[in-house]
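**Student:** Below you will find the structure I want to go over with you.
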Amino acid sequence: MPITYENNTFHLTNNEVSYIFTILENKQLGHLYYGKKIKTKNTDNMLQLRSCVLAPSTFLNNLDFSLEVLKQEYPAYGTGDYRDPAFQLRNSEGNRITNFEYVSHCIYDGKKDIPGLPHTYASSSEATSLEVTLYDSLLDSTLILIYSIFEHTNSIVRSARFINNSKKDIFIERMMSCSVDFYDYDYEMIQLDGAWARERHIHTRKLQYGIQSIASTRGTSSAMHNPFFALKRTHTTENSGEVYGFNFVYSGNFLGQVQVDNYDVSRIMMGIHPFEFEWCLEPGESFHSPEVVMTYSDQGLSGMSQQFHDLYRNNLMRGPYKDKTRPILINNWEATYFQFNEESILNIASKAKGLGVELFVLDDGWFGKRNDDTSSLGDWYENLEKLPNGIKGLASKINDLGLKFGLWFEPEMVNEASNLYLEHPQWAIHSPGRNRSYGRNQFVLDFSNPEVVEHIYQTMYQTISSANIEYIKWDMNRNITEACSLLLPAKKQKEFFHRYILGVYHLYEKLITAFPNILFESCASGGARFDAGMLYYAPQAWTSDDTDAIERLKIQTGTSLVYPLVSMGSHVSGIPNHQVSRKTSLDMRANVAYFGTFGYELDVNRMPIEEQEEVRKQICFFKEHRELIQFGDFYRLEKGERDLYSWMVVSKDKKKAILGCYKVLATPNPALKKVSLQGLHPDYEYSCTNRKGTYYGDELMHCGFQYEIQYTGSRAADNYQGQCHPGIDEGDFNSYIYVLEAIIKDA
Ligand code: DGJ
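The following block contains the structure:
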């Protein structure tokens with residue numbers, strides 16, 4: 000039984016993990032344990048009842064019961080616990096003291112949906128759920144804490160719901176989706192930070208007393224901090240040791256924080272950012288928080304990542320592409336930017352088709368009068384000067400070439416220079432009487448207003464249903480400023496940011512319902528909204544506008560901590576690279592892009608014939624191995640130490656693996672380099688491309704796999720006296736791909 004209730008104590012468990020909490024003497028919930036699976040008889044050893052000098056106590060003559068010291072499940076502020084609370088409510092008199100006491104609970108197979116919000120889902124054999132109901136009699140309101148534990152990944156998903164049973168308004172000032180008190184603070188916090196074109200770089204810091212946090216208040220989950228953090232022990236590596244991962248299934252403002260208190264307890268919490276948030280619960284209304292996914296691994300960071308990957312591939316992504324390899328696409332953005340017409344598009348598409356590409360994506364610039372980024376967002380009708388046969392005509396010509404057709408939209412935006420803005424200037428988010436700030440020359444539409452969402456839906460519906468569109472790239476290129484709703488009353492103004500993202504989710508849901516076979520790719524100036532919330536609607540995301548292979552090593556390594564390779568948009572682009580002006584070989588660019596959805600973002604016609612041939616081979620290679628790459632188990636073998644990266648994917652049956660090794664800068668006279676492979680079957684014998692003979696899995700994992708010999712300088716005399724040229728394994732920015740296959744001998 001994955002969830003038990005005995006002696007007032009709840010124990011959520013599967014084969015690997017235990018999560019335990021109890022009903023305390025004050026009828027609130029106390030947290031007891033989260034980690035490796037354990038058996039437990041009673042709570043004495045786990046419940047830390049002890050008196051501390053000057054700590055407030057709940058009961059007279061029982062100094063041991065102090066909320067300042069006790070570990071709690073969903074802590075409140077104001078009754079003895081001075082740490083940040085999981086929630087804060089205010090009643091109509093302005094009072095903020097609460098007391099939610101245990102009333103009842105229910106345990107059931109499977110998992111319930113959360114209407115209007117993205118969420119993980121599960122069949123009755125995949126997960127078991129627990130709902131604990133608490134009640135505050137003075138407030139006359141109910142709090143339900145909701146947990147689901149998954150059978151095959153070490154994931155526990157949490158959310159909470161408040162119900163106002165009273166006859167007066169109640170204001171939610173703060174509502175985290177989860178809170179967990181850990182016994183100590185001997186952890187390092189891993190987070191994914193960055194900015195445009197350098198998203199999700201991995202940073203690690205030792206926990207310190209006080210609060211350490213990541214957050215977004217921009218309206219998107221953001222490129223600055225991904226809504227993810229992990230706590231790992233100092234000795235935890237990629238493949239061993241304990242780590243806890245926390246990921247928010249949400250795409251708007253968020254807060255993830257760890258607070259280390261004066262008794263060394265680390266309180267973690269994650270939820271909607273309380274800054275600029277408040278929700279007015281009118282009588283009879285309820286509010287459901289978004290979900291947080293919590294994973295536990297004692298197999299290091301790769302173990303954590305694999306759990307996230309499996310959970311998101313099996314229990315978050317939806318639609319026909321959930322279990323399907325993704326089409327190899329070509330996107331015209333870096334090939335043409337805004338300057339294209341039907342002929343130039345067809346030239347790119349037909350050449351690409353000849354090389355094996357499967358999907359053509361027409362990016363920004365096909366609508367209104369858009370020839371640069373100053374106009375037309377919101378006017379989602381085709382520009383007949385550029386495309387005389389419209390989207391329908393172009394799509395059918397692309398289809399005639401044997402390619403699927405995909406189209407770019409930026410649904411949440413409007414330019415001042417657009418018909419939409421002329422007709423509905425009030426639909427752009429603004430605060431009356433104040434300046435409207437620009438971002439990329441555009442305004443954000445007020446998606447908290449259902450009328451705006453419906454209008455955009457109707458306009459998009461017309462275009463999408465007019466042609467055979469099989470893929471949509473949904474872009475979002477600026478953050479929200481002057482947040483304000485013209486519809487909401489004063490007491491609901493701080494609901495704006497959450498209502499905005501609910502509007503985005505609503506439009507996604509309507510579109511995927513109307514067009515269930517379209518593959519959606521989310522994008523926000525690259526990877527500024529790459530989060531689990533988006534993956535519920537769009538099973539892939541444009542990882543970054545930065546297509547430079549070297550920068551992508553960092554970005555894709557960081558992204559892979561949480562998100563599966565099948566969700567990572569990765570393209571080969573032209574050189575010099577458009578974001579950093581770096582030149583890398585076509586081989587290097589493809590070897591990095593293989594570890595994702597794979598595609599091209601350049602004009603293949605401008606490539607020399609030999610390079611076109613190389614592209615053809617790359618596409619063949621990827622088609623042969625994409626099932627393995629997109630649905631196998633991913634390992635990070637090296638993350639930039641000594642300028643080396645290596646990635647590996649192993650099929651679930653361990654019969655096949657692919658290894659990518661990347662060198663950033665060449666090292667003079669380097670040490671002999673070996674890397675320990677992971678995930679292989681120790682007893683299988685593997686063949687390896689570019690190598691003679693076979694190797695046992697255990698040798699490759701424990702003795703290691705030797706890289707191609709790096710250039711040592713010893714051949715310089717030959718190389719530079721015209722006798723030969725440096726090989727591809729020489730110089731900066733080099734890479735190798737190896738395919739390993741088990742030789743299974745008949746019994
Ligand atoms: C930002 C995206 O990330 C790019 O890929 C491209 O679609 C541009 N927007 C188009 O404006």
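For the sequence shown, position 706 (counting from the first letter as 1) is numbered 705 according to numbering that gives the first Met the number 0, and the numbering increases by one without interruption. For glycine and all other residues, C-beta sits at the position ideal for the given N, C-alpha and C. All figures in this text were calculated on a predicted structure; none of them were measured in a lab.
Cutting at 6 Å between CB atoms, please list the residues of its own chain near Val614, excluding the five before and the five after it.
**Tutor:** Leu354
**Student:** What are the partner residues of Asp192, as DSSP defines its beta bridges?
**Tutor:** His200 and His224
**Student:** Less than 6 Å separating the Cβ of Ser524 from some heavy atom of ligand 1?
**Tutor:** yes
**Student:** Grouping DSSP H, G and I as helix and E and B as strand, with all else coil, what is Asn418?
**Tutor:** helix
**Student:** Judging by CA-CA distance, which residue of Ser165, Val131, Leu116 and Arg204 is the nearest neighbour of Asp139?
**Tutor:** Ser165
**Student:** May I ask whether a heavy atom of ligand 1 can be found less than 6 Å away from the beta carbon of Trp473?
**Tutor:** Remark: the shortest separation between the CB of Trp473 and any heavy atom of ligand 1 does not fall under 6 Å.
**Student:** Do you know whose CA, among Val413, Leu636, Met475 and His151, lies nearest His308's CA?
**Tutor:** Ranked by how close their Cα comes to the Cα of His308, the residues Val413, Leu636, Met475 and His151 have His151 in first place.
**Student:** Run through DSSP, which three-state label would Cys702 get?
**Tutor:** Of the three classes helix, strand and coil, the one that applies to Cys702 here is helix, per DSSP.
**Student:** Considering only residues of the same chain and omitting the five flanking positions on each side of Asp445, which have a CB-CB separation below 6 Å?
**Tutor:** Trp426, Ile428 and Val451
**Student:** Return the residue from the list Glu469, Met0, Trp541 and His577 that minimises the CA-CA distance to Phe149.
**Tutor:** With distances taken between Cα atoms, Phe149 lies closest to Met0.
**Student:** Helix, strand or coil for Glu740, going by three-state DSSP, please let me know.
**Tutor:** strand
**Student:** Please report the straight-line C-alpha distance between Tyr184 and Arg82, rounded to a whole angstrom.
**Tutor:** Tyr184 and Arg82 have their C-alpha atoms roughly 15 Å apart.
**Student:** Counting Cβ pairs closer than 8 Å, one from the region 185-200 and one from the region 104-121, do we hit at least three?
**Tutor:** no
**Student:** Is any heavy atom of ligand 1 found at a distance shorter than 6 Å from the C-beta of Asp363?
**Tutor:** yes
**Student:** Please state the DSSP three-state secondary structure of Asn14.
**Tutor:** Here Asn14 sits in coil by DSSP.
**Student:** For Leu142, count neighbouring Cβ atoms within 10 angstroms of its own Cβ and tell me buried if that reaches 16, exposed if not.
**Tutor:** buried
**Student:** Please determine whether the Cβ atom of Trp195 lies at a distance below 6 Å from any heavy atom of ligand 1.
**Tutor:** Result no, Cβ not under 6 Å from ligand 1.
**Student:** For Asp135, which beta-bridge partners are listed by DSSP?
**Tutor:** Ser140
**Student:** Asp544: beta carbon under 6 Å from a heavy atom of ligand 1?
**Tutor:** yes
**Student:** State yes or no: is the C-beta of Trp426 nearer than 6 Å to some heavy atom of ligand 1?
**Tutor:** The beta carbon of Trp426 sits no closer than 6 Å to any heavy atom of ligand 1.
**Student:** By DSSP, does Tyr661 sit in helix, in strand, or in coil?
**Tutor:** Three-state DSSP puts Tyr661 in a strand.
**Student:** To the nearest angstrom, report how far apart Met303 and Gly730 are at their CA atoms.
**Tutor:** Cα to Cα, Met303 sits roughly 35 Å from Gly730.
**Student:** Whole angstroms are fine: how far does the CA of Arg635 sit from the CA of Cys723?
**Tutor:** Caution is warranted here: a pLDDT of 48 is assigned to Cys723, below 50, making its placement in the model unreliable, and the coordinate value is therefore given only provisionally. Approximately 35 Å between the Cα atoms of the pair.
**Student:** Could you round the C-beta distance between Glu15 and Asn153 to whole angstroms and report it? I think they count as a contact, below 8 Å.
**Tutor:** 5 Å
**Student:** Between Trp379 and ligand 1, is the CB less than 6 Å from at least one heavy atom?
**Tutor:** When distances are taken from the beta-carbon of Trp379 to the heavy atoms of ligand 1, even the shortest one reaches 6 Å or more.
**Student:** Considering only the alpha carbon of each residue, which of Lys655, Asp642, Gln677 and Val648 lies closest to Thr759?
**Tutor:** Since the first and last residues shown for the chain are 0 and 746, residue 759 lies out of range.
**Student:** With a threshold of 6 Å (Cβ to nearest heavy atom), would Trp646 be considered close to ligand 1?
**Tutor:** no
**Student:** What separation, rounded to the nearest whole angstrom, lies between the Cα atoms of Glu277 and Gly631?
**Tutor:** 42 Å
**Student:** Using only the heavy atoms of ligand 1, determine whether one of them is closer than 6 Å to the beta carbon of Trp332.
**Tutor:** yes
**Student:** In angstroms, rounded to a whole number, what distance separates the CA positions of Thr219 and Asn252?
**Tutor:** When rounded, the distance between both Cα atoms is 6 Å.
**Student:** Measure from the alpha carbon of Ser551 to the alpha carbon of each residue in His234, Tyr593 and Pro515, then state which is nearest.
**Tutor:** A small correction: the amino acid at residue 551 is Arg; Ser does not occupy that position in the sequence shown. It is Tyr593 whose Cα lies nearest to the Cα of Arg551.
**Student:** Might you give, ordered along the chain, the residues of its own chain that have their beta carbon closer than 8 Å to the beta carbon of Met412, omitting 5 neighbours on each side?
**Tutor:** Leu376, Gly377, Gln441, Phe442, Val443, Leu444, Met475, Asn476 and Arg477
**Student:** So, Glu508 versus Lys472, is the Cβ gap smaller than 7 Å?
**Tutor:** no
**Student:** Could you give the DSSP three-state label for Val443: helix, strand or coil?
**Tutor:** Under the three-state reduction of DSSP output, Val443 falls in the strand class.
**Student:** Starting from Asn246, trace the alpha helix (DSSP H) in both directions and tell me its first and last residue.
**Tutor:** Not the alpha helix (DSSP H): Asn246 falls in the beta strand (DSSP E), residues Val242 to Phe247.
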